[in-house]
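Written below as structure tokens is the structure these notes are about.
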Amino acid sequence: MNFRAALLLILLAPIAQGVGFRLATFNIGAHLVVPTDGGAAYFDYGIGAPGQPDHDKVRDVLARINADVVALEEIHSTDVDGNPDDVDALAASLGYGYSYISPATNAFDNSLRVIFLSRYPFITTAAVGSPAGAREITRLFPVVKVDIPGTTNDPTILALHLKSGTSSADRFRRAVEMKRVVGYINSQGITADDNFIILGDFNPSSINKTFTALPAGLPTSFVLGSDLPFPISYSTNPLTYFTGPVPVKLDPRQLNNSASTYDTTTTAGPILDLFLVSPAIAGRPHSQEVYNSTLDTSNSVGLPKAGSPPAADSSVLASDHYAVFADLDLDLDYPNLSASLSAGSVNENTASGTVMLSVTLPAVRATPLTISVSSDDHTAASLSAATLTIPAGSTTGSVPIITARNFITDETRSVTFTASANGYDPANAVLQVVDADQPYSFTSPGQTITENFTTFTGNHDPAPWITTGGAWRGMDDGGTTTTGFRSYGSTGDGSIGFVADGAPFTATVGFINNSPETLTAVQIAFTAEQWKVFPGGRADTLTADLVVNGIPQAVPSLTFTAATDLPTGAIAGGTSTVETAIVSGLSIAPGNSFDLRFTLTPGAGGAIPGDVFINEFHYDNAGADSSEFVEVVVGPAYMGALSDVSLILYNGSDGINYGTHLLSTFTAGAVTSSGHRIFSKLIPSIQNGDPDGFALAVGGMVKQFISYGGSFLGTAGAASGMTSTNIGVKQSAEIAGQASLGLTGTGGTPAAFIWTKFTGSPYTIGQPNTGQTLTIPAQPQGIAIDDLSVTFLEDTDLDADNDGLTDTDEALFGSNPLDGSSVYHPAIAQTAADTITLSFATLVGRKYVVESSEDLTTWMMVSTQNGTGSTLSQSFSNSTPHVFYRVAVSYE
Numbered sequence: 008m009n010f011r012a013a014l015l016l017i018l019l020a021p022i023a024q025g026v027g028f029r030l031a032t033f034n035i036g037a038h039l040v041v042p043t044d045g046g047a048a049y050f051d052y053g054i055g056a057p058g059q060p061d062h063d064k065v066r067d068v069l070a071r072i073n074a075d076v077v078a079l080e081e082i083h084s085t086d087v088d089g090n091p092d093d094v095d096a097l098a099a100s101l102g103y104g105y106s107y108i109s110p111a112t113n114a115f116d117n118s119l120r121v122i123f124l125s126r127y128p129f130i131t132t133a134a135v136g137s138p139a140g141a142r143e144i145t146r147l148f149p150v151v152k153v154d155i156p157g158t159t160n161d162p163t164i165l166a167l168h169l170k171s172g173t174s175s176a177d178r179f180r181r182a183v184e185m186k187r188v189v190g191y192i193n194s195q196g197i198t199a200d201d202n203f204i205i206l207g208d209f210n211p212s213s214i215n216k217t218f219t220a221l222p223a224g225l226p227t228s229f230v231l232g233s234d235l236p237f238p239i240s241y242s243t244n245p246l247t248y249f250t251g252p253v254p255v256k257l258d259p260r261q262l263n264n265s266a267s268t269y270d271t272t273t274t275a276g277p278i279l280d281l282f283l284v285s286p287a288i289a290g291r292p293h294s295q296e297v298y299n300s301t302l303d304t305s306n307s308v309g310l311p312k313a314g315s316p317p318a319a320d321s322s323v324l325a326s327d328h329y330a331v332f333a334d335l336d337l338d339l340d341y342p343n344l345s346a347s348l349s350a351g352s353v354n355e356n357t358a359s360g361t362v363m364l365s366v367t368l369p370a371v372r373a374t375p376l377t378i379s380v381s382s383d384d385h386t387a388a389s390l391s392a393a394t395l396t397i398p399a400g401s402t403t404g405s406v407p408i409i410t411a412r413n414f415i416t417d418e419t420r421s422v423t424f425t426a427s428a429n430g431y432d433p434a435n436a437v438l439q440v441v442d443a444d445q446p447y448s449f450t451s452p453g454q455t456i457t458e459n460f461t462t463f464t465g466n467h468d469p470a471p472w473i474t475t476g477g478a479w480r481g482m483d484d485g486g487t488t489t490t491g492f493r494s495y496g497s498t499g500d501g502s503i504g505f506v507a508d509g510a511p512f513t514a515t516v517g518f519i520n521n522s523p524e525t526l527t528a529v530q531i532a533f534t535a536e537q538w539k540v541f542p543g544g545r546a547d548t549l550t551a552d553l554v555v556n557g558i559p560q561a562v563p564s565l566t567f568t569a570a571t572d573l574p575t576g577a578i579a580g581g582t583s584t585v586e587t588a589i590v591s592g593l594s595i596a597p598g599n600s601f602d603l604r605f606t607l608t609p610g611a612g613g614a615i616p617g618d619v620f621i622n623e624f625h626y627d628n629a630g631a632d633s634s635e636f637v638e639v640v641v642g643p644a645y646m647g648a649l650s651d652v653s654l655i656l657y658n659g660s661d662g663i664n665y666g667t668h669l670l671s672t673f674t675a676g677a678v679t680s681s682g683h684r685i686f687s688k689l690i691p692s693i694q695n696g697d698p699d700g701f702a703l704a705v706g707g708m709v710k711q712f713i714s715y716g717g718s719f720l721g722t723a724g725a726a727s728g729m730t731s732t733n734i735g736v737k738q739s740a741e742i743a744g745q746a747s748l749g750l751t752g753t754g755g756t757p758a759a760f761i762w763t764k765f766t767g768s769p770y771t772i773g774q775p776n777t778g779q780t781l782t783i784p785a786q787p788q789g790i791a792i793d794d795l796s797v798t799f800l801e802d803t804d805l806d807a808d809n810d811g812l813t814d815t816d817e818a819l820f821g822s823n824p825l826d827g828s829s830v831y832h833p834a835i836a837q838t839a840a841d842t843i844t845l846s847f848a849t850l851v852g853r854k855y856v857v858e859s860s861e862d863l864t865t866w867m868m869v870s871t872q873n874g875t876g877s878t879l880s881q882s883f884s885n886s887t888p889h890v891f892y893r894v895a896v897s898y899e
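In this note's numbering, the protein residues as written are 8 to 899.
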């Protein structure tokens, strides 16, 4: 069912059973100014006088909506100056006989005000502001109770225009303003069964933040009320501030299903203007819409409207916001659902069932009841099912909540869960989802920090990691060679994937020692996954460093090199290796930190060729020419349309083109193992040369201009002004079916081949030529980091494999601390009659000191060498009996 049909079904709901009314909110802060110098029009504040474009367009939008009550934000003080004023004129033209404007007393912004216009009188009016002794509110918020005919359940309506901006001070001020709104609702004794609405411009921008003190950037005259203790938390979800009654946030949409309420030049902007209604109103039939005049083309779609659609540009000329309106019912009275959570807060990435949403009926039923449950932020927390059933004779049912980690440092997020059922007023419950993406922290020795990137599927650095050297590509792209980072793996099993080309890529993450002890050694383990493999691919290498005080320390035993010898065939993957190492000799004091950095270094290779080039052709044989053709090769990296490629035939006698053939008209032939595609076309009457030629153009740009029987100057067409390149071979009355001209050699680009006349050989139309092998350079492999664990080692004398060497020493020597058969041993052998040679394996980043002794007590240094990653040696004279040798190893 499309959105428009859904709107029509809502309209058929039984609103007529109760008394209904239409309510609208419109931030009209846009006075259209057309510069006298002819520049672009821009918005200024205020509606101006009748006859001005913005006044008339605001009037047209409001007339079309035809609301009983409308809240207008950003009414300028000049618009309420005079008698009658601009607002009076607007109200009179629309039939609004009553108005109430927020006072300016004790507000920061006295120029921009919030105002109500109504067709019905106000029973009461008030304004929400700061208590005595405080000054906090940007614009005071008007509150009205409207006398709606036919009902005693008259609505209380509160209109907001919260502080805009994304700075910490802006967010703090919005949080305080919302606390004042909630305080007012609570002070009036309003309950979930009452008809109350809070609407307007909430400016829910930036990210959540908790304040423990006044932030910098507040106005010098800002005074926080003494009744508001710290901490004070800002949330982009306004429902977070309510403790009871908690309203329901409506979900108005434009007719194209866009939820945007801001920037009328697009339909993909933010949602700034909101409708919050009491559970009593939310439980009754209601409908709502974001009004966009561009989409308002007929009275048969959307909510009912007055008159005919206005000009399509009415919204964009009226304001930079869209108007939002709703049809609400005031009288139908339903029993209340209630909702509760087993915990008020939970960490990101918590398993299903850790927190439960429970829904309770006011009384038992004789039949089961199905409850619809939903989340307003599925990226933070969702429900394991969309419904729950309360059995007959019971009053309560529960459904598990699942929280997801978003790998973004964004503080706590607030998620509202709504429970609703036919014949009941809905209920809300708000869960605080605590951010889990802060730097990794050791709080005690022996602790292991793990990261498996579960649920990471984003196209951004997975906080707290920082990457350099490439752009994020999101999920694995199925094996293409696009370089960059990606979240490799299926949903729920992510990792950091690398596909590097050119400079090395790095992924770095920090660890903080928040324990009471100095960290001296860590054990690191991770899974290196080769998730994309090309036969004969590049030997890309993944290495790891610890970075302490800005100085990197290589950990060679964590090196992984991509395999390049897998079977020939399609792209395949699936190799993985667990790499592990112990690094000792550290001194990370409490409160200090270190980084773990992974680097992917590309092996030897190159870019995949995307060249398009002429590969073979025939134009002259004995007797009447027959089977004349041209063959074109398309490189595997060419992503354009075949119709963008043109073969242009040229007459060498005058340089004028005499025919054009699009590659899309050629016949597809072989696709080689390298991915090159071969196309051919029979083209009668190709001229016989001395000289003649072809130009090959891609997107109108000449890529080749070749000729046979000599060179010539192009005088027309795409190659005009260009001199052809003579290929050096030509035909002359050849045997039919033989002796075509084509490229031979090995490579993937035209420069890798030479032109040859295939004397005595048949044509190879649509296939590689005789003596031709099409290849691509070694291609980048895909390597991913997954299942990382870093352990704060307490006992550096630990010998996990009981081979007599501590794990710390084995990490230094390069043997495996988890394998008792892996022990570091120098080797000594007699290499000549009077010479013995000591050989020893080395690692990059280590220093090796060869020492000798005659009594095993006094040792003398013989040589010092830095590790190279290969075996080094030291030779000695064997003339002295009873000499002992050893190799001492340390980090460089």
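Even glycine gets a Cβ: it sits at the ideal position worked out from N, Cα and C.
State the Cα-Cα distance for the pair residue i and residue j, rounded to the nearest angstrom.
i: Leu124; j: Val77; result: 5 Å
i: Gly509; j: Ala785; result: 13 Å
i: Ala535; j: Ser680; result: 28 Å
i: Gln2; j: Lys764; result: One cannot answer for residue 2 here, as it falls past the ends of the chain, which runs 8 to 899.
i: His625; j: Ala546; result: 42 Å
i: Asp383; j: Phe424; result: 7 Å
i: Pro316; j: Asn73; result: 12 Å
i: Gly682; j: Asn429; result: 60 Å
i: Asp336; j: Pro311; result: 15 Å
i: Trp762; j: Gln745; result: 15 Å
i: Ala392; j: Asp116; result: 46 Å
i: Lys688; j: Asp697; result: 23 Å
i: Ile278; j: Ala791; result: 37 Å
i: Val362; j: Pro407; result: 6 Å
i: Val26; j: His293; result: 12 Å
i: Thr608; j: Glu296; result: 54 Å
From the DSSP output, read off the bridge partner residues of residue i.
i: Tyr107; result: Phe123
i: Glu80; result: Asn34 and Val121
i: Gly7; result: No information on residue 7 is available, as it lies outside the stretch 8 to 899 that the chain covers here.
i: Pro769; result: Gln745
i: Arg493; result: Gly504
i: Leu825; result: For Leu825, which the question treats as bridged, DSSP gives no partner whatsoever.
i: Gly517; result: Asp602
i: Trp866; result: Trp866 pairs with nothing; no bridge assigned.
Hey, would you say residue i sits closer than 7 Å to residue j, going by beta carbons?
i: Ile397; j: Gly404; result: yes
i: Asp208; j: Glu80; result: yes
i: Ala725; j: Ile655; result: yes
i: Pro149; j: Val121; result: yes
i: Phe601; j: Ala514; result: no
Near residue i, what residues of its chain come up, given a Cβ to Cβ distance below 6 Å and the 5 sequence neighbours on each side ignored?
i: Ser448; result: Ile519 and Asn521
i: Ala470; result: Phe414, Ile415, Thr416 and Asp444
i: Gly224; result: Ser174 and Ala176
i: Ser846; result: Ala834, Thr878 and Ser880
Within a Cβ cutoff of 8 Å, which residues of the same chain sit near residue i, ignoring the five residues on either side of it in sequence?
i: Asp92; result: Asp86
i: Ala759; result: Gly752 and Thr753
i: Thr145; result: Ala114, Phe115, Asp116, His168, Leu169, Lys170, Arg180 and Glu184
Skipping 5 residues on each side, what residues in its chain have a beta carbon closer than 7 Å to that of residue i?
i: Ser594; result: Thr525 and Thr527
i: Gly55; result: His38, Asp61, His62 and Asp93
i: Pro110; result: Ala134 and Leu147
i: Val851; result: Ala561, Pro563, Gly874, Thr875 and Gly876
i: Asp334; result: Ile22, Gly27, Arg29, His293, Ser294 and Leu310
Worksheet entry | Secondary structure, beta strand (DSSP E): runs of 3+ residues fully inside the segment 146-199 | Counting whole runs of 3 or more residues, the segment 146-199 contains the beta strand (DSSP E) stretches 148-153 and 163-168.
Worksheet entry | Contiguous beta strand (DSSP E) assignments of at least 3 residues, all confined to the segment 313-390 | Runs of the beta strand (DSSP E) inside the segment 313-390: 330-336, 345-348, 352-354, 362-367, 376-382 and 388-390.
Item to complete: Jot down the residue ranges of each uninterrupted beta strand (DSSP E) in the segment 202-243, minimum 3 residues, whole runs only, in chain order.
Response: Entirely contained in the segment 202-243, the beta strand (DSSP E) runs reaching 3 residues are, in chain order, 203-208, 216-218 and 239-241.
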